[in-house]
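This report concerns only the one structure given below.
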Amino acid sequence: MKISAEIYERRGLLSALDTINLIINIGKYTIAVITLVVLISKNDKKK
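This is the structure in structure tokens:
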């Protein structure tokens, strides 16, 4: 059994800017879904 002493660093799949954009877009999506649920809830109470 041969064990390599070399350590390979993981290469990031996304750049830092792509990661930040992804986090911001997920936040926007979450806010939009919560807003939609609140609006639907208010419309149901009026009926």
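According to our numbering, the sequence shown is numbered sequentially starting from 1. For every residue, glycine included, the Cβ atom is placed at its ideal position computed from N, Cα and C. All values derive from a computational prediction rather than experimental measurement.
My guess is that residue 22 and residue 14 are in contact by the Cβ rule of under 8 Å, so how many angstroms apart are they, rounded? Rounded, the Cβ-Cβ distance is 7 Å, consistent with contact.
Please report the distance separating the alpha-carbon of residue 18 from that of residue 27. Roughly 14 Å between the two C-alpha positions.
Alpha carbon of residue 29 to alpha carbon of residue 20, nearest angstrom: Taking the straight line from one Cα to the other gives about 14 Å.
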